[in-house]
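Here's the structure, in structure tokens; my notes come after.
In the working numbering, the protein residues as written are 565 to 625.
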């Protein structure tokens, strides 16, 4: 699904001219890199949380 706005700044983007990364469109390469950094930070935080509190039963409880 085409997102009409940049995920970082919210500016409207043109599908034909905007950089596409990770299946998303951005208004600039700089904002695509910012998105990548945010995703990497999230993944590190999730991995750290999982390391601190491993799921013992493999389920949600």
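From the three backbone atoms N, C-alpha and C, an ideal C-beta is built for every residue, glycine too.
Computed from a predicted structure; not experimentally measured.
Neighbourhood of residue i by C-beta, 8 Å cutoff - its chain only, sequence neighbours within 5 removed
i, result
"residue 569", "575, 576 and 577"
Distance, residue j Cα to residue i Cα
i, j, result
"residue 582", "residue 573", "14 Å"
"residue 612", "residue 606", "10 Å"
"residue 602", "residue 591", "16 Å"
"residue 610", "residue 593", "26 Å"
"residue 604", "residue 615", "16 Å"
Beta carbon of residue i nearer than 7 Å to that of residue j
i, j, result
"residue 694", "residue 588", "The chain is shown from 565 up to 625; residue 694 falls before or after that span and cannot be answered."
"residue 585", "residue 596", "yes"
Chain-order list of residues whose beta-carbon lies under 7 Å from that of residue i (same chain, five-residue window excluded)
i, result
"residue 598", "572"
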